[in-house]
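Novice: Going by the numbering used here, 142 is the number at position 49 of the sequence shown; the sequence numbering is gapless. Don't be surprised by glycine CBs; every beta carbon is placed ideally from N, CA and C. Right, I'll just put the structure down here and ask away after.
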Amino acid sequence: MMNKFQDLMNDKVLVQLVIDVATDKAHHKVVKGIIKHVTRNFIEVGRAATGDEKAQMGTDEVRVIIPMEKIAEVIYSK
Numbered sequence: 094m095m096n097k098f099q100d101l102m103n104d105k106v107l108v109q110l111v112i113d114v115a116t117d118k119a120h121h122k123v124v125k126g127i128i129k130h131v132t133r134n135f136i137e138v139g140r141a142a143t144g145d146e147k148a149q150m151g152t153d154e155v156r157v158i159i160p161m162e163k164i165a166e167v168i169y170s171k
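Shown next, in the form of structure tokens:
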């Protein structure tokens, strides 16, 4: 599975990661972006910044670190 993530990273494919958050309000969260870094324990995804993030941090891209065990589903199209 790690090799597939590395292939998606090298090809710079836009992915949607469904993350298991298991809270009272929601069971899943979706992060859309491009995979920037892959290890055995986590994936780092670069996504577009929201309006608040742009104002507070002055950046156009935010990187999100997602533990492998929290990834429920990966959706992509090549």
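For residue 168, does the count of other Cβ atoms within 10 angstroms reach 16, so buried, or fall short, so exposed?
Specialist: As a first step, residue 168 must be located in the sequence shown, where it is residue number 75. Its Cβ having fewer than 16 others within 10 Å, residue 168 is exposed.
Novice: So what does DSSP say about residue 144, is it helix, strand or coil?
Specialist: Within the sequence shown, numbered from 1, the residue matching residue 144 stands at position 51. Looking at residue 144 - three-state DSSP - the assignment turns out to be helix.
Novice: Comparing alpha-carbon positions, which option in 117, 104 and 128 lies nearest residue 158?
Specialist: Counting from one through the sequence shown, the residue named residue 158 turns up at place 65. Looking at the Cα atoms, 128 is the closest of the given residues.
Novice: By Cβ distance below 6 Å, which residues in the same chain neighbour residue 120 in space, the five residues on each side in sequence not counted?
Specialist: By one-based count along the sequence shown, residue 120 stands at place 27. Same-chain partners within the cutoff: there are none.
Novice: Give me whichever residues DSSP pairs with residue 125 in a beta bridge.
Specialist: For the purposes of this step, residue 125 is identified with residue 32 of the sequence shown, where counting begins at 1. Answer is 109, bridged to residue 125.
Novice: Under 8 Å, do residue 163 and residue 117 count as touching if we go by C-beta distance?
Specialist: By one-based count along the sequence shown, residue 163 stands at place 70. By one-based count along the sequence shown, residue 117 stands at place 24. For residue 163 and residue 117, no; Cβs fall outside 8 Å.
Novice: For residue 106, does the count of other Cβ atoms within 10 angstroms reach 16, so buried, or fall short, so exposed?
Specialist: Here residue 106 refers to the residue found at position 13 of the sequence shown. Per the 10 Å Cβ criterion, exposed.
Novice: Output yes or no for whether 8 Å exceeds the beta carbon distance between residue 110 and residue 138.
Specialist: Taking the first residue of the sequence shown as position 1, residue 110 is located at position 17. Taking the first residue of the sequence shown as position 1, residue 138 is located at position 45. The answer is yes: Cβ separation under 8 Å.
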